[in-house]
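Asker: One structure follows; several queries about it will come next.
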Amino acid sequence: MESWKVNLISVWFGCLFTGLAISQIIPFLPLYVEQLGITDHSALTLWSGLIFSVTFLVSAIVSPMWGSLADRKGRKLMLLRASLGMGVVILLQAFVTNVWQLLALRALMGLTSGYIPNAMALVAAQVPRERSGWALSMVSTAQICGVIMGPLMGGLLADWVGLRAVFLITSGLLLISFMITLFLIKEGGPPRVKKEDKLSGSMVFHTLSRPGLVISLFVTTLVIQLCNGSISPILTLFVRELEPNVQNIAFVSGMVAAIPGVSALLSAPTLGKLGDRIGAERILFAALIFSVVLFVGMSWADSAVELGIFRFLLGFADGAMMPAVQTLLLRYSSDQVTGRIFGYNQSFMYLGNVIGPLMGSGISAIGGFRWVFAATAVVVLVNSVQLIWVYRQSRRTAVLNRGTKR
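Letter 385 of the sequence shown, counting from 1, is numbered 385 in full-length UniProt numbering, and no numbers are missing.
Next comes the structure, spelled out in C-alpha cells:
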C-alpha cells in the first residue's frame, strides 16, 4: 500500500479519538461552569462563552509559531505535542475547584491544541492533488464520527458517573491518539524548510495566483467556525429552555449537538468526490447559502425535536464546507507554501472559535437564545455574498492575465 494511504488510515483513527475526546466535554461544559458556582443566567452565559473562547484565543496566537516549527521539524511532532499536551491538561480540568482554575487550564489547553488541523495539513502535503478533495473529506469524517459519538458518550457519562469523571476518560482517549501517531504515522514527502530559507509573510502571498481569493477563503474558515462556536455555549441552555421538564438534559442536549455529525458523515465523502468532479467552489457556495436558510429556521424552533431536524440538515452543509475550503487552498497555493497557507488558515479557524462563543454568549445575554441563530445567519449571508464576488473577480482577472500573456 502506498505510504500516503497508510498515513491517511492512521490519521483517520487519530482524528477519530481526538474528535471524540474533545467533543464529549462540550455539551456539559456550561453545566460544569454552573456546578463551579456560576448560577446567574447572564453570568453563566458569559462565563460559558469565555471558557469556550479562551482556548481558541491562545491557539490563534501561538498557531503561526507551531506552523513555522512544523515546517522545520515535521507535522508528526506537532501531532504528538497536541495529543499528549491536551491529554495532560484535560486530566487536570477534572480537579478544578473554581471557574478561574478552569479558565486558566482552558487557556493552557490552547497552547497544546491543533491535532486535527495539523493532521489535515499532513494529508494535504502527501496526497495526490487530483484526489485531495476526497482525501480531506475522508479525514473530516473521522472528526465527524468523533463529534457524533462524543456528545452522546459525554452526555451519558455525565449522567451516570458525573461531570468530573468525563475529563478523566477524555484524557485517556487523547493518549490513544498519541500512541497511534507515535507508532503508525510516517512522515515523508518533500524536504523540510530550513529556517534560513523561509519566505516572509508578504512573499508567501506574492507566490499565489489568486491572493485575494485565498484571503477570502481564510475569512470563510473563520465564519464556518464562528457559526459552530456561536451555538456551542448556548445549545444546552437553549434545549433546557425548549424542554424544561426533561430530566436527562445532558443526554438530550448531547443528542442535539451530535445530530449534525450523522448527516455530515453520510455526505462528506460523496460531496468531496463531487467537488473533485464539478469544482469545490460550487459545493462551498451551495453549502453556505443552505446554512443561512437553516440558521433562520433554528431561530423559530419550538421544541428540541424541531431544533434537531434543522441541525440534522445543517450537517449536510458542515460535511462539505471545510473540506471544500481546504481543497481550494491547496489548488491555489504551490507546494513551496502549502504548509504556511494551511497554518494561516488554522489561525483564522481558531479566531472563529474565539469570536463565535463570545458573540453567541453576548447576544444571548442581551436578547435571548433565538437571536444568536438569527445573527449567525446574517454573518454567513454576508460572507457568502463577499466570497462569491471575490471568486468571480479573481476568475476574470485570471482570464485577462492569460489573454495578456498570449
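Ideal placement from N, C-alpha and C gives every residue a C-beta, glycine not left out.
So, do the region 341-355 and the region 110-122 have three or more beta carbon pairs nearer to each other than 8 Å?
Answerer: Flag = yes, the region 341-355 and the region 110-122 touch.
Asker: For the alpha helix (DSSP H) containing Y32, list its first residue and its last residue.
Answerer: Counting along the chain, the alpha helix (DSSP H) containing Y32 begins and ends at 29-35.
Asker: Any idea what DSSP makes of E306, helix, strand or coil?
Answerer: Helix at E306.
Asker: For W389, count neighbouring C-beta atoms within 10 Å of its own C-beta (all shown protein chains included) and say buried if the count is 16 or more, exposed if not.
Answerer: With fewer than 16 other Cβ atoms within 10 Å, it is exposed.
Asker: Tell me whether the region 158-177 and the region 81-101 touch, counting them as touching only if at least three CB pairs, one residue from each stretch, are closer than 8 Å.
Answerer: Touching, yes.
Asker: How would you write the range of the alpha helix (DSSP H) that I90 sits in, first residue to last?
Answerer: Element bounds for I90: 75-93.
Asker: Taking the alpha-carbon of W100 as reference, which of G74, E34, L329 has the nearest alpha-carbon?
Answerer: W100 has its Cα closest to that of E34, out of G74, E34, L329.
Asker: Using the C-alpha atoms, what's the distance from Y332 back to R129?
Answerer: Looking at the two C-alpha atoms, the distance is approximately 11 Å.
Asker: G67 to F52, Cα distance in whole Å?
Answerer: Roughly 23 Å separates the two Cα atoms.
Asker: Excluding sequence positions up to five away, which residues of its chain have a Cβ less than 6 Å from the Cβ of I144?
Answerer: Answer for I144: G261, A264, L265, listed in chain order.
Asker: Runs of 4 residues minimum, wholly inside the region 276-361: which ones carry the alpha helix (DSSP H) assignment?
Answerer: Correct list: 280-298, 304-331.
Asker: Curious, which full-length alpha helix (DSSP H) runs of at least 4 residues does the region 113-147 contain?
Answerer: As far as the region 113-147 is concerned, its whole alpha helix (DSSP H) runs of at least 4 residues are 115-126.
Asker: On the CB-based measure, 16 or more other CB atoms within 10 Å of its CB, does G367 come out buried or exposed?
Answerer: With fewer than 16 other Cβ atoms within 10 Å, it is exposed.
Asker: Between the region 132-150 and the region 3-23, do three or more beta carbon pairs fall short of 8 Å?
Answerer: Cβ pair count under 8 Å is three or more, so yes.
Asker: Let's see if you can read the secondary structure: which residues bound the alpha helix (DSSP H) around V239?
Answerer: Start and end: 211-242.
Asker: My understanding is that S83 touches A365, with C-beta atoms under 8 Å, so please give their C-beta distance in whole angstroms.
Answerer: In fact, because the Cβ distance is near 35 Å, the residues do not count as touching under 8 Å.
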